[in-house]
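Structure first, commentary second.
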């Protein structure tokens, strides 16, 4: 018996997954990390805490098995979170700037005249969401680092560096930085110059199924094991969902959400507010995607629990929403730190709109639940238009997919079948599958082995149009 160990380093915590030689998930170990939010809404993470939690989560995941039988390690990660560390000491110069954080908005504002040129090279709309502006902000606002030998990386390259001593990233993560040329498949000197990020500070870019180095996971394993599957979390979920052919798409529901559709081996560009990225590099080939990212989806329900105190647990949301007045016309647009795709309005702020005298706790919870599905629909429709395709189904993954109210509403508002795999940990499982295929433990057939639940539309087109029109009217108040 051999095993694959996968690390899924997400926004809220670190998961370690243990899969057997048949691809079955045997064990999961979770550790949360602090969400450091200041009075200006800036969101940060402690990189050393994330590294230490990675070691501990791996330790917990392999308890009870012979760790010498770990064949390979995969890593999936929160993608656009950016940090800089000293190449010699291996210590961060500052906390990591989380993907949700908009503190680099002014840097993007001064580059506005270059926005279209930037997009033509890297497929991304100019935004503080992406690491380039975040790295620039750290370089400009951290005293005493100008003369250091620096590494600018995303969370995958940070973990690879700490675990294996190699400074590398994969194509999926590099394509999300706003400094990578998705045509030439290399860091772009001109883009680095615009943002003021030294080319020499960026990692080597590798195929997603490469060997990124070897690690004993800080002594957890008896000897070095190859890290041979690295994917950004949304890309990991796309792969884990088996969306390896053009026209196949998925939505990952997490703190925020990603809607991503495989468009094949050539890039497709859209003016509809979605972006072009690399899906991955595997087997010597590159696949591209169209994608839209949403800042607040699962975290909307967390807000109801932690801040508004309307729920004791996020698990209550679907049940409470199901008991609301179905005719209540309340909409929540959760633009707490701006609107992401397809609007790209970083200065927008959240609103509750359309409340009546009968609007109460259940109706507000319902509006929060529905806001997740509306945002997913916005992006799915934009991708369909941009790629000139019609999705036949949407594969869904992430913790919120256990919410049957949300999944049914998602199917109804899209007018599509929503397909949910039996496992929710698709980002980490995708990285595990990539590592397992890379090391020869798995074949490609592993991608279609899991069972799936299916949600079919139960509402007609007139209902869908009325509900979605109300959402668009609410969003228009912020544009």
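Residue numbers (the numbering used here): 1261 to 1739. No residue lacks a Cβ here, since even glycine has one placed at the ideal position from N, Cα and C.
Every beta strand (DSSP E) stretch that sits fully inside the region 1666 to 1700 and reaches 3 residues is listed by chain position as 1677 to 1681. Our two residues, residue 1348 and residue 1707, have alpha carbons roughly 40 Å apart in a direct line. Between residue 1291 and residue 1309, the C-beta spacing is not below 7 Å. Nearest neighbour of residue 1314 by Cα position, chosen from 1416, 1261 and 1352, turns out to be 1416. In this structure residue 1446 is exposed. Its beta-carbon is surrounded by fewer than 16 other beta-carbon atoms within 10 angstroms. As DSSP reads the structure, residue 1294 sits in no beta bridge. Put simply, the backbone Cα of residue 1321 is about 39 Å away from that of residue 1403.
Residue 1410 places its beta carbon less than 7 Å from that of residue 1461. Contact between residue 1319 and residue 1306 does not hold, since the beta-carbon distance rounds to 19 Å and is not under 8 Å. Contact between residue 1696 and residue 1405 is ruled out by a C-beta separation of about 39 Å, above the 8 Å threshold. Rounded to whole angstroms, the Cβ separation of residue 1468 and residue 1520 is 15 Å, and the two are not in contact under 8 Å.
Taking C-alpha positions only, residue 1635 is separated from residue 1671 by approximately 13 Å. When secondary structure is reduced to three states using DSSP, residue 1501 falls in the coil class, being assigned neither helix nor strand. Cα atoms of residue 1303 and residue 1297: separation of roughly 5 Å, rounded to the nearest angstrom. DSSP, read as helix, strand or coil, puts residue 1617 in coil.
In the DSSP assignment, residue 1288 forms a beta bridge with 1277.
One thing to note: residue 1736 has its Cβ no nearer than 7 Å to the Cβ of residue 1493. When Cβ pairs closer than 8 Å are counted between the two stretches, the region 1439 to 1454 is seen to touch the region 1364 to 1381, the count reaching three or more. In this chain, the alpha helix (DSSP H) harbouring residue 1454 covers 1449 to 1455. For residue 1527, the closest alpha carbon among the candidates 1262, 1647 and 1511 is that of 1647. Residue 1264 is bridged by DSSP to 1279 and 1332.
Around the CB of residue 1663, 16 or more other CB atoms lie within 10 Å, so the residue is classed as buried. For residue 1515, the closest C-alpha among the options 1577, 1360, 1566 and 1458 is that of 1360.
Distance from the CA atom of residue 1386 to the CA atom of residue 1455, rounded to whole angstroms, is 11 Å.
Here the C-alpha atom of residue 1475 lies approximately 14 Å from the C-alpha atom of residue 1312. For residue 1708, no beta strand (DSSP E) segment is defined, and its DSSP state is neither H nor E. Residue 1325 and residue 1523 have their C-alpha atoms roughly 40 Å apart. In the DSSP annotation of this structure, the continuous segment of the beta strand (DSSP E) that includes residue 1521 starts and ends at 1517 to 1524. The Cβ atoms of residue 1466 and residue 1422 do not sit closer than 7 Å to each other.
Residue 1277 and residue 1452 have their C-alpha atoms roughly 36 Å apart. Selection 1667, 1399, 1540 and 1570 evaluated against residue 1623 yields 1570 as nearest (Cα-Cα). With contacts defined by Cβ atoms closer than 7 Å, residue 1268 and residue 1688 form a contacting pair. When the beta-carbon positions are compared, residue 1436 and residue 1272 stay at least 7 Å from each other. Measuring C-alpha to C-alpha distances from residue 1457 to each of 1568, 1398 and 1705 identifies 1398 as the nearest. In the structure shown, the three-state DSSP call for residue 1542 is strand.
Of all alpha-carbon atoms in 1626, 1732 and 1502, the one lying nearest the alpha-carbon of residue 1586 is that of 1626.
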